[in-house]
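Since the structure comes first, as structure tokens, the remarks are kept for the end.
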Amino acid sequence: MFENQQRDDVEALMKADAEFRRLYQHHKELDSKVHDADIGVLPIDDVTLASMKKEKLLAKARLERMWADRVHLIH
1015 MFENQQRDDV EALMKADAEF RRLYQHHKEL DSKVHDADIG VLPIDDVTLA SMKKEKLLAK
1075 ARLERMWADR VHLIH
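Next comes the structure, spelled out in structure tokens:
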């Protein structure tokens, strides 16, 4: 996520906005757990995995809105 953005810009937003930082870290944790579950390293049931994927997508959508709001304010 945010691969096309300047790393410095993402880090600056993480330093300036505690909610963005918390949500970004939460998304990364979910991403790692979902990946581990998908490859069979983390044994969880399908319902839990589906719930984690949904939560991850919601976090990503919120992060993208926060990023877009920031970019809009700058320009």
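All residue numbers for the sequence shown refer to our numbering, where the first residue is 1015 and numbers rise by one.
From the three backbone atoms N, C-alpha and C, an ideal C-beta is built for every residue, glycine too.
Fair warning: this is a prediction, and the values are worked out from it, not measured in the lab.
Residue environment analysis places Leu-1077 among the buried positions, since at least 16 neighbouring C-beta atoms fall within 10 angstroms of its C-beta. Boundaries of the alpha helix (DSSP H) harbouring Val-1024: 1021 to 1030, taken from the DSSP string. In the structure shown, Val-1055 adopts coil according to DSSP, grouped into three states. Excluding the 5 residues flanking it on each side, Glu-1069 has same chain C-beta neighbours closer than 8 Å at Leu-1044, in chain order.
DSSP places Phe-1034 within a helical segment (H, G or I) once states are collapsed to three.
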